[in-house]
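S.K.: Just dropping this structure here.
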Ligand SMILES: [Zn+2]
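In my numbering, the protein residues as written are -17 to 278.
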């Protein structure tokens, strides 16, 4: 069975509420009276039980209406454009960052060094993140030349495009996309904040991942005027943000293999947790939770 692929979920209004179906498997359907936080979970389960995918990623076509449970976060129609395809990099995470990696959390330290990324195998799509052993430790954004060409000159000018050394059987040209402006996710009042490494201070922020949201950022963190394209994440882990109509147009074109699009949540100041308490992580286990014991 397939695993971890992006599936396009189509939907329509019905007299009873909504009907959803998988575009590639129209026989796999779900009807429900309203859209709730559980929709993503229900669809995941349905795709699993129908043998479509054990770890599906969903993209809604058309995007879910604003009356969805996450409507409060949809201030502007902004979209997170992310890769759901693997690229495999040669070497170790430490080979590519000036400060190596933290002994506790293994996240890269310091900026990227001068070594270009080197691919060990042909990548799976046009927008990729690294597979093991990099996965979830360092996620440079890996874009094909074909994907880059779908962006306007103004959008392309919002990032540096560092050439990637191709693997032996890879025919397409790839770039590491480094957005100039990167907005970090923000902790939300009433949600768990995430965790922080006690050795290096690396912080993993947990955004409320309501159905259909790619990330939640503070409204105040987006620079004014808003750049045509920017990044969301951290210096070592990013996805792209584009206006919703632009992101959805890209998704329809050749050169978007492995791309998925989700709405960007934007939180107003009242919703942002300014005194978030992060769970301390020391590399072996989460150390005992003592609120206030760890300075931000
Ligand atoms: Zn660390």
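We treat Cβ as the ideally placed atom computed from N, Cα and C, and that holds for glycine.
Helix, strand or coil for residue 96, going by three-state DSSP, please let me know.
M.R.: Here residue 96 sits in coil by DSSP.
S.K.: Report yes if the C-beta distance between residue 242 and residue 41 is below 8 Å; otherwise report no.
M.R.: The answer is yes: Cβ separation under 8 Å.
S.K.: Would the stretch 107 to 126 count as touching the stretch 55 to 67 if we require 3 or more Cβ pairs under 8 Å?
M.R.: Yes: at least three Cβ pairs fall under 8 Å.
S.K.: Scan the stretch 61 to 138 and note each continuous beta strand (DSSP E) run of 3 residues or more that stays entirely inside, going in chain order.
M.R.: If we require 3 residues or more, the beta strand (DSSP E) runs fully inside the stretch 61 to 138 come out as 67 to 71, 101 to 103, 109 to 112, 123 to 126.
S.K.: Please write down, chain order preserved, every residue whose beta carbon lies under 5 Å from a heavy atom of ligand 1.
M.R.: In chain order, the hits are 84, 86, 87, 179, 181, 182, 184.
S.K.: Going by DSSP, what residue range makes up the beta strand (DSSP E) through residue 8?
M.R.: 7 to 14 is the span of the beta strand (DSSP E), which, as asked, contains residue 8.
S.K.: Going residue by residue through the stretch 207 to 258, where are the continuous alpha helix (DSSP H) segments of at least 4 residues, counting only ones entirely within it?
M.R.: With a minimum length of 4 residues, the continuous alpha helix (DSSP H) runs that stay inside the stretch 207 to 258 are 226 to 233.
S.K.: Going straight from the alpha carbon of residue 259 to that of residue 212, what length do you get?
M.R.: Each residue's Cα considered, the two are about 28 Å apart.
S.K.: In terms of residues, what are the limits of the beta strand (DSSP E) holding residue 1?
M.R.: Counting along the chain, the beta strand (DSSP E) containing residue 1 begins and ends at -1 to 4.
S.K.: For residue -6, which beta-bridge partners are listed by DSSP?
M.R.: Answer is 1, bridged to residue -6.
S.K.: Looking only at its chain, what residues have a beta carbon closer than 7 Å to the beta carbon of residue 130, apart from the 5 residues adjacent to it on each side?
M.R.: For residue 130, where only same-chain residues beyond five positions count, the Cβ hits under 7 Å are 138, 143, 157.
S.K.: Using 8 Å for Cβ pairs, my map puts residue 246 next to residue 175. What's the rounded Cβ distance?
M.R.: With a Cβ gap of about 19 Å, residue 246 and residue 175 do not count as contacting.
S.K.: Check this for me: beta carbons of residue 83 and residue 72, under 8 Å apart or not?
M.R.: Against a cut-off of 8 Å, the Cβ pair of residue 72 and residue 83 comes out as no contact.
S.K.: For the alpha helix (DSSP H) containing residue 158, name the first residue and the last one.
M.R.: Residue 158 -> not in any alpha helix (DSSP H); beta strand (DSSP E) instead, spanning 156 to 161.
S.K.: Take residue 214 as the anchor and find which of 172, 168, 232, 227 has the nearest alpha-carbon.
M.R.: Nearest option by C-alpha distance: 168.
S.K.: In this structure, how does DSSP classify residue 166 when only helix, strand and coil are distinguished?
M.R.: Note: residue 166 maps to coil in three-state DSSP.
S.K.: Please list, in chain order, all residues of the same chain as residue 2 whose beta carbon is under 6 Å from its beta carbon, the five residues on each side excluded.
M.R.: Answer for residue 2: -9, -7, 12, listed in chain order.
S.K.: From which residue to which residue does the beta strand (DSSP E) around residue 263 run?
M.R.: 261 to 263 is the span of the beta strand (DSSP E), which, as asked, contains residue 263.
S.K.: How is residue 26 classed by DSSP in three states: helix, strand or coil?
M.R.: Looking at residue 26 - three-state DSSP - the assignment turns out to be helix.
S.K.: Hey, could you find the ends of the beta strand (DSSP E) residue 43 is sitting in?
M.R.: Here the beta strand (DSSP E) through residue 43 covers 39 to 43.
S.K.: Do residue 161 and residue 220 have their CB atoms nearer than 8 Å?
M.R.: Against a cut-off of 8 Å, the Cβ pair of residue 220 and residue 161 comes out as a contact.
S.K.: Assign residue 172 to buried or exposed, taking buried as 16 or more other Cβ atoms, counted over all protein chains shown, within 10 Å of its Cβ.
M.R.: Under this definition residue 172 is an exposed residue.
S.K.: Mark residue 134 as exposed unless 16 or more other C-beta atoms lie within 10 angstroms of its C-beta, in which case mark it buried.
M.R.: Its Cβ having fewer than 16 others within 10 Å, residue 134 is exposed.
S.K.: Taking just the CA atoms, how far does residue 159 sit from residue 123?
M.R.: Approximately 5 Å, taken between the alpha carbons.
S.K.: Are the beta-carbon atoms of residue 253 and residue 146 separated by less than 8 Å?
M.R.: Going by C-beta atoms, residue 253 is not nearer than 8 Å to residue 146.
S.K.: Which of the three DSSP states is assigned to residue 188 in this structure?
M.R.: Residue 188: coil per DSSP, three-state reduction.
S.K.: Tell me which residue opens and which closes the beta strand (DSSP E) that residue 200 is part of.
M.R.: Where residue 200 is concerned, the enclosing beta strand (DSSP E) stretches over 195 to 200.
S.K.: Are the CB atoms of residue 63 and residue 224 nearer to each other than 8 Å?
M.R.: Yes, Cβ-Cβ distance for residue 63 and residue 224 is below 8 Å.
S.K.: Which class does residue -13 belong to by DSSP, given the choice of helix, strand or coil?
M.R.: Three-state DSSP puts residue -13 in coil, outside helix and strand.
S.K.: Does residue 175 come out as helix, strand or coil in the three-state DSSP assignment?
M.R.: Coil at residue 175, not helix or strand.
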